[in-house]
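S.K.: Count the sequence shown with our numbering and you get residues 245 to 295, in order.
Cβ coordinates follow ideal geometry from the N, Cα and C atoms, glycine included.
Nothing here was measured: the structure is a model prediction, and the numbers come from that model.
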Amino acid sequence: CLEPMSEGHCSEYVLLWYFHPSSGACRPFIYSGCGGNRNRFSTKHNCQTYC
C-alpha cells in the first residue's frame with residue numbers, strides 16, 4: 245500500500261485502484277496490463293480492506 249502508483253509498461257487499458265498514502269484514500273487509475281507493483285487492486289473495496 246505504500247508503493248507509488250505505477251501504470252506498468254504495456255498497452256492494455258484496465259481500470260484498477262491504488263492506495264494513495266498522503267490522502268489515506270483509494271483512487272482509480274489505468275493499469276497497462278503488465279509491470280507495475282503490488283499497490284493495485286481490482287475493486288475500491290479490496291483496496292480499502294487491504295490498506
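(1) Classify G279: buried if its beta carbon has 16 or more other beta carbons within 10 angstroms, exposed otherwise.
(2) Shortest alpha-carbon distance to P265 belongs to which of L246, N281, H289?
(3) Taking a contact to mean a Cβ-Cβ separation below 8 Å, would you say E251 touches S276 in this structure?
(4) Starting from L246, follow its DSSP beta bridges and name the residues at the other end.
(5) Could you name the residues of the same chain whose beta carbon sits closer than 8 Å to that of S255, not counting the 5 residues immediately before and after it, in chain order?
M.R.: Walking through what the data contain:
(1) Here residue 279 refers to the residue found at position 35 of the sequence shown. The residue in question, G279, is exposed, as its Cβ has fewer than 16 Cβ neighbours within 10 Å.
(2) Locating residue 265 in the sequence shown gives position 21, counting from the first residue. Minimum Cα distance to P265 is reached at L246.
(3) By 1-based counting over the sequence shown, the position of residue 251 is 7. By 1-based counting over the sequence shown, the position of residue 276 is 32. A contact, by the Cβ cut-off of 8 Å.
(4) Taking the sequence shown and counting its residues from 1, the one referred to as residue 246 is at position 2. According to DSSP, L246 shares a beta bridge with no other residue.
(5) Position 11 of the sequence shown, counted from the first residue, corresponds to residue 255. Within the same chain, Cβ atoms closer than 8 Å to the Cβ of S255 are found at S276, G277, the five residues on either side in sequence being excluded.
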